[in-house]
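**Q** From first to last, the protein sequence lines stand for chains A and B.
When the first sequence is numbered by UniProt numbering, its final residue is 958 and no position is left out of the sequence of numbers.
When the second sequence is numbered by UniProt numbering, its final residue is 154 and no position is left out of the sequence of numbers.
In this text, a Cβ means the ideal position worked out from N, Cα and C, and glycines have one as well.
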Amino acid sequence: MEFEDDEILQGFIEESLEHLADIENDLLTIEEGGANIDEELVNKVFRAAHSIKGGAGFMGLTSIQELSHASENVLGLIRSKKLIPNPEIINVLLLASDQLRQMIEDVQNSNEVDISAHLDPLNSIFDGTFAQAAAAEPKKKATAPKKKAAEPVVEIEPEPEPTVAEPEPEPELAEEEDVLDQEDEEIEEEEDIPATVVSNPQRIQDTDQAKKSTPATKVETSIRVNVSLLDSLMTLAGELVLSRNQLLQTIGTDDFRNAETVGQRIDLITSELQEAIMLTRMQPIGNVFNKFPRVVRDLSKKLAKKIDLTIVGKDVELDKTIIEAINDPLTHLIRNSVDHGIEMPAERKKKGKPETGLVILKAYHEAGQVVIEIRDDGKGIDGDALAASAVAKGLLTADQIKVMSEKEKVNLIFLPGFSTAAKVTDVSGRGVGMDVVKTNLDQLGGHVDILSEVGLGTTISIKLPLTLAIIPCQIIMTGDERYAIPQVNLEELLRIPANQVKERVERVGDAEVVRLRGNLLPLIRLSDVIGLDRTFWDDKDQTFKEDRREMISDRRSKASPLFGTSDKSQSEQQQRPNRSVIDRRYAASSALNIVVVSTGAMKYGLVVDRLLDSEEIVIKPLGRHLQQCKGYAGATIMGDGRIALILDVANLARMSNLTSLDGSDRATEIAHSMEEAIKAKKDKQALLIFRSSETEQFAVPLNQVERIEKIKASDIEMLGGKRVMKYRGGSLSLIRVDDLAMVQPLADYDNLLVIVFNVAKHNVGLLAIGPIDALEITADIDDITLKQPGIMGSLIIDTHTTMLVNIFELVQNLFPDWFDSIEVFDAVETTDGSAPTILLAEDSNFFRNQVKGYMTEAGYEVIEAEDGQIAWDLLQQNREVISMVITDIEMPNMDGFQFTKTIRSDPRFTGLPVIALTTLAAEEDVAKGIAVGVNEYHLKLDKEKLMTSVHHFMKQRY
Amino acid sequence: MKNESQKGQPSRKQVIELATFYIGDALCGMDILKVQEINKLMQMTKVPQAPDYVLGILNLRGQIVTIIDLGKKLGLGETDLNLDPRNIIVNSTGGHVGLLVAKISDVVEADMEKLERPPANMRGIQGEFFKGVYKTQSTLIGILDVEKVLSLEE
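(1) Looking at the structure shown, is residue 744 of chain A part of a helix, part of a strand, or coil, going by DSSP?
(2) For residue 53 of chain A, collect the residues of the same chain with a Cβ closer than 7 Å to its Cβ; drop the 5 residues on either side in sequence, then sort them by chain order.
(3) If residue 36 of chain B sits next to residue 87 of chain B, beta carbons under 8 Å apart, how far is it from one beta carbon to the other, in whole angstroms?
(4) Taking residue 853 of chain A as the reference, give the member of A:22, A:358, A:783, A:758 with the closest Cα.
(5) Pick helix, strand or coil for residue 63 of chain B, following the three-state DSSP scheme.
(6) Tell me the residue span of the beta strand (DSSP E) that contains residue 515 of chain A.
(7) What is the DSSP secondary structure of residue 609 of chain A, counted as helix, strand or coil?
(8) Considering just the uninterrupted stretch of the beta strand (DSSP E) at residue 707 of chain A, what are its terminal residues?
(9) Just to confirm my understanding: we take residue 736 of chain A, look at its own chain, exclude 5 residues before and 5 after, and list those with CB closer than 6 Å. What are they?
(10) Measuring alpha carbon to alpha carbon, tell me which of B:89, B:144, B:44, B:106 ends up nearest residue 81 of chain B.
(11) Is there contact here, the stretch 886-893 of chain A with the stretch 841-861 of chain A, by at least three beta-carbon pairs under 8 Å?
(12) So, at 7 Å on beta carbons, what are the nonlocal neighbours of residue 932 of chain A in its own chain, with the 5 sequence-adjacent residues on each side left out?
(13) Hey, how far is the Cα of residue 140 of chain B from the Cα of residue 23 of chain B?
(14) Count the other C-beta atoms from every protein chain shown that fall within 10 angstroms of the C-beta of residue 256 of chain A, then say buried if there are 16 or more, exposed otherwise.
(15) Where does residue 148 of chain B sit, in a helix, a strand or coil, going by DSSP?
(16) Would you call the CB atoms of residue 501 of chain A and residue 512 of chain A closer than 8 Å?
(17) Just reading off the beta strand (DSSP E) that residue 310 of chain A is part of, what are its end residues?
(18) Buried or exposed, going by whether 16 or more other CB atoms sit within 10 Å of the CB of residue 99 of chain A?
(19) Might you give, ordered along the chain, the residues of its own chain that have their beta carbon closer than 8 Å to the beta carbon of residue 266 of chain A, omitting 5 neighbours on each side?
(20) Which ranges would you report for the beta strand (DSSP E) in the stretch 788-823 of chain A if only whole runs of at least 3 residues count?
(21) Pairing CB atoms from the stretch 719-738 of chain A with CB atoms from the stretch 644-658 of chain A, are three or more of them under 8 Å?
(22) In three-state terms, what does DSSP make of residue 17 of chain A?
(23) Quick one: residues in its chain with C-beta nearer than 7 Å to the C-beta of residue 862 of chain A, no 5 flanking neighbours on either side, listed in chain order?
(24) Run through the DSSP bridge pairs and tell me what residue 345 of chain A is partnered with.
(25) Taking its Cβ as the centre, do 16 or more other Cβ atoms sit within 10 Å of residue 719 of chain A, making it buried, or is it exposed?
(26) Which residues does DSSP list as the beta-bridge partners of residue 74 of chain A?
(27) Quick check on residue 312 of chain A: buried or exposed, where buried means 16 or more other Cβ atoms within 10 Å of its Cβ?
(28) Go to residue 477 of chain A, then tell me how far its beta strand (DSSP E) extends in each direction, as first and last residue.
(29) Taking any Cβ of chain A, which residues in the stretch 49-81 of chain B have a Cβ under 9 Å from it, in chain order?
(30) Could you name the residues that DSSP lists as bridge partners for residue 629 of chain A?
(31) On a Cα-Cα basis, can you pick out the residue from A:499, A:385, A:451, A:638 that is closest to residue 475 of chain A?
(32) Just to confirm my understanding: we take residue 775 of chain A, look at its own chain, exclude 5 residues before and 5 after, and list those with CB closer than 8 Å. What are they?
(33) With a threshold of 8 Å between beta-carbons, can residue 45 of chain B be considered close to chain A, or not?
(34) Here's the rule I'm using: 16 or more other beta-carbon atoms within 10 Å means buried, otherwise exposed. How should residue 287 of chain A be labelled?
(35) Using only alpha-carbon positions, find the residue among A:763, A:879, A:848, A:634 that is nearest to residue 865 of chain A.
(36) Taking 8 Å as the CB-CB cut-off, is residue 653 of chain A touching chain B?
Given below as structure tokens:
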């Protein structure tokens, strides 16, 4: 069908859709009112139907005309109170208005649509046959059509008023505006603006509603803007022109001060202009909310539930694009609440809730964002049930579930492929809902959160940005071009210094990962994904240089402690022997800049050359020739007039074949190998490194250190032949390593360090000099070469031979009287007078000798074992004499836990005390140890506590 | 619906003005009404992963304009950026697009009735982008079908 005048038709469509949007809500209100007919309201609906009919007749749209006419007839009866609207009648009217909307959206084909299904019931209502026919509807079809030709004439003509007001409020407005313009522009504000303000918002939202539902007709999208807003825009534009003139003048005169003023002025006007223009895009969220009463009504009817919908905050305004985009997700969520959330009336009664369920839809501003809340007082979401279902579907493992919080469990609902409904209904619950909702909202830069209490209800809150047109972005640089990463995707910025790159970046196969606070993050190089040459920023030269590394984790020696080197990369390396330029691997400035981004379920690190500022940018679309470049979400113009591309982090991940699963799989894989590697190392020792003279390096176990103080040499006093200093209101005895050990004397410095220990219930300070450092090492301790009084042994730390100070021995020798005051380590005698025997299981020679030393010194017999298995064998052979077991945790063949478990499961050894020794008492280890039956836990080098504990257990035993 | 009949096709008056320019050595022309403006080459931003005939994007008074190397697109060889090429900004359906050409020439009035079909030997990639050939006293002008040039392949 061709139409003569596009514009008139377009006008008709827009206007009709507006009317229809109103009709729907009004009909619902009429339904609520029942016999209490609100005449004004009915009138309004009547007029709307009439307008549509009039327009359709004029345009030659016969089907639309007929249907609207039939509706109008029924409304006429209601208006004249000849008919009391009941839900059935309203239902018919609603269906008819739906049909009308469909036809108007597709005007071209509207005349071909079969509307008899709607006409018949309408006409039967009109001629009074509907009431009894409600049940036997189909029968009526034959009788109805006849009537429709005759009735209109009678009913319509006596209604002159609608014809006048046909295009409804619009003409009034337009007229007013016109008159004003002609008359006196200056008076205008006072009286007229309020009028427009009142009437306009309503219409803005209506047009939008119409727009949304008209994808079929290719309508040039238009938007209705508050006239006062347009006026202010005009004013601002005028200001801008004035300022421009000023600027041009100033430029001619070289007057800098004036130029500055003008610049400020333009700055001000531009931002005001920007704000005002943004406002034109803002629309009340009511546009979306308004359709939900109908949705809830229809659904609850279908499901035989009783539900009230309360809507709060219709006036909250959001950007037009967001309003359009949240429609579907919100509908889905509302349907979910109605279908799954609210229980059947009977069930509610049983639970002591009111029969009528409540769904609250609420929008409000919070911290520069808009929050939409969908709350129901239904049965809530059972996190455990979700978790169990996720496991059953193979989406998660039981182990993963264990560590999840209740909230995380509830959020499982967003997992792709998840359906919570036990049975699938046609309303919702096809298993493809919530993840789509989340994806849609993520695309908008929104955020969904679910709070749920089983039995009490669910609250879903959605946070949305006010607008999408201006977004804060992090600007980065790669290959001499700038790119912008939206802040909503940004988790954090990470810079790995050159000397840590090789420790923190690892690879599995060809995937690279970085260790970040114990988690592994897959890495993507921006230059690789978008196909640029690899470069890096050289801070010294302020230029970009070519990067030659194969992998970030490449290092001088390609042998990784964890993974075998691939032969391929080695041979490739040999193929380019002429590395005349400084290779990146050797360059000092090869720090890595990583932007940690997240999108939906995915989180990864994007390796870029440089990190610049964060800026608020305006998104501009890319031309159609660039639509195929999926890596960009658009472009923006930077302050210097050049363009920066906006990166689409989700697509970048896809382009580099990084799926969330892949990423986490790789991460798990590598985490596992790391763990293995750490296990293999065993016996990590935390040490404090310090010096006494400049040339000799010492270490003490970090866990023995109470604190470290900086002092001046002048703080040290010599009193009664003892070195002391004031410390926390008392005096602290100071010792030096060279007091006992044959090492070089303490360096003569002004600034000294005091390492405070607590030995034999006394504080003692060890004088030392820097540099000090704390580190965890796994080096082997040599307890022969350098052993001497005060020195336990030595080890190599970073190529330095380091002596391990035995602080206990130092104190014992220098202050022997300290030990008299505390419990004397007298060996407890067994019943037959011999010394009790202790079984010591420890794989490290050094520690075994140390501990054995303590024990024999105190008068115990010690049987040594190198691992758990040997210890178990020995224990069985000597079970008569062994009265205590001291075991290391990490040992080959059988570890301490296993050993303890074996002992505890053997009735022969009931009551045998087991003391576990560890270098680092991690809490979970302690818990695990206690679970398998360890009596006490001690640190290996804490002689004092260990011995006290040994005595304690021995005394108990004898 | 009715717009189609007015633009593009000269129905009553057969004479249109052609903006002519050189792509490499070939003289080409297009309806001057399609041309919004002609610029010197400004600073462009490269777009990694773009089709090879897209030189980059530039900021034209706040609008992002895609620049297409017409020579490359038509298979007539890359335009030499050192020889002061010009950008013809055309207003196409999908927004503004810049066509990079080697040199701008005169505006020529052409009687569309005298438009001849592309010569038979103008086959392959070049042929499909030309509506026809117009003969002046001294030279031949290939008339570009701009929409075709700007349409996406596949």
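**A** Quick answer:
(1) Sequence index remark: in the first sequence, residue 744 of chain A carries index 744 (1-based). Three-state DSSP puts residue 744 of chain A in coil, outside helix and strand.
(2) As a position in the first sequence, residue 53 of chain A is number 53, starting the count at 1. Excluding positions up to five away in sequence, the list reads 65, 68, 69, 72.
(3) Position 36 of the second sequence, counted from the start, is the residue given in the question as residue 36 of chain B. Position 87 of the second sequence, counted from the start, is the residue given in the question as residue 87 of chain B. Wrong, their Cβ atoms sit about 11 Å apart, outside the cutoff.
(4) By one-based count along the first sequence, residue 853 of chain A stands at place 853. The residue with the shortest Cα to Cα distance from residue 853 of chain A is A:783.
(5) On the second sequence, position 63 is the one that residue 63 of chain B refers to. DSSP places residue 63 of chain B in strand when its eight states are reduced to three.
(6) Against the first sequence, residue 515 of chain A aligns to sequence position 515. Start and end: 511-516.
(7) For the purposes of this step, residue 609 of chain A is identified with residue 609 of the first sequence, where counting begins at 1. If DSSP states are grouped into helix, strand and coil, residue 609 of chain A belongs with coil.
(8) For this step, residue 707 of chain A is matched to residue 707 along the first sequence. Looking at the DSSP string, the run of the beta strand (DSSP E) that includes residue 707 of chain A is 705-712.
(9) The sequence position of residue 736 of chain A within the first sequence is 736, counting from 1. Cβ within range, chain order: 746, 767.
(10) The residue given as residue 81 of chain B occupies position 81 in the second sequence. When each option's Cα is compared against that of residue 81 of chain B, the closest is B:44.
(11) yes
(12) For the purposes of this step, residue 932 of chain A is taken as the residue at position 932 of the first sequence. Closer than 7 Å at Cβ, skipping near neighbours: 897, 900, 901, 904.
(13) Here residue 140 of chain B refers to the residue found at position 140 when the second sequence is read from its first residue. Here residue 23 of chain B refers to the residue found at position 23 when the second sequence is read from its first residue. Near 13 Å, if we compare the C-alpha coordinates of residue 23 of chain B and residue 140 of chain B.
(14) Working through the first sequence from its first residue, we reach residue 256 of chain A at position 256. It is exposed - the Cβ of residue 256 of chain A has fewer than 16 other Cβ atoms within 10 Å.
(15) Here residue 148 of chain B corresponds to residue number 148 of the second sequence, with the count starting at 1. Note: residue 148 of chain B maps to helix in three-state DSSP.
(16) Position 501 of the first sequence, counted from the first residue, corresponds to residue 501 of chain A. Position 512 of the first sequence, counted from the first residue, corresponds to residue 512 of chain A. In this structure, residue 512 of chain A does not lie closer than 8 Å to residue 501 of chain A by Cβ.
(17) Working through the first sequence from its first residue, we reach residue 310 of chain A at position 310. First-last of the beta strand (DSSP E) with residue 310 of chain A: 307-312.
(18) Numbered from 1 along the first sequence, position 99 holds the residue referred to as residue 99 of chain A. Buried, because 16 or more other Cβ atoms sit within 10 Å of the Cβ of residue 99 of chain A.
(19) Position 266 of the first sequence, counted from the first residue, corresponds to residue 266 of chain A. 240, 243, 244, 247, listed in sequence order.
(20) 791-797, 800-805
(21) no
(22) Working through the first sequence from its first residue, we reach residue 17 of chain A at position 17. Three-state result, residue 17 of chain A: helix.
(23) The residue you call residue 862 of chain A lines up with position 862 of the first sequence. If we look at residue 862 of chain A and ignore the five residues flanking it on each side, its Cβ neighbours are 838, 840, 852, 855, 856.
(24) As a working note, residue 345 of chain A is residue 345 in the first sequence. In the DSSP output, where bridge partners are listed per residue, residue 345 of chain A has none listed.
(25) Indexing the first sequence from 1 puts residue 719 of chain A at position 719. So residue 719 of chain A counts as exposed.
(26) Here residue 74 of chain A corresponds to residue number 74 of the first sequence, with the count starting at 1. The partner list for residue 74 of chain A (beta bridge, DSSP) is empty, contrary to what the question assumes.
(27) Taking the first sequence and counting its residues from 1, one reaches residue 312 of chain A at position 312. Residue 312 of chain A comes out exposed.
(28) Sequence index remark: in the first sequence, residue 477 of chain A carries index 477 (1-based). Where residue 477 of chain A is concerned, the enclosing beta strand (DSSP E) stretches over 470-478.
(29) 49, 50, 51, 53, 54, 56, 57, 58, 59, 62, 63, 64, 65, 66, 68
(30) Counted from its first residue, the first sequence places residue 629 of chain A at position 629. DSSP output for residue 629 of chain A lists no bridge partner at all.
(31) Sequence index remark: in the first sequence, residue 475 of chain A carries index 475 (1-based). Here the closest residue by C-alpha is A:638.
(32) Within the first sequence, numbered from 1, the residue matching residue 775 of chain A stands at position 775. These residues qualify, in order along the chain: 686, 687, 689, 797.
(33) By 1-based counting over the second sequence, the position of residue 45 of chain B is 45. Interface residue, yes.
(34) In the first sequence, counting from the first residue as 1, residue 287 of chain A sits at position 287. By the neighbour-count rule (16 or more Cβ atoms within 10 Å), residue 287 of chain A is buried.
(35) Mapped onto the first sequence, residue 865 of chain A falls at position 865. Ranking A:763, A:879, A:848, A:634 by Cα distance to residue 865 of chain A puts A:848 first.
(36) For the purposes of this step, residue 653 of chain A is taken as residue 653 along the first sequence, with counting starting at 1. No, because no Cβ of chain B sits closer than 8 Å to the Cβ of residue 653 of chain A.
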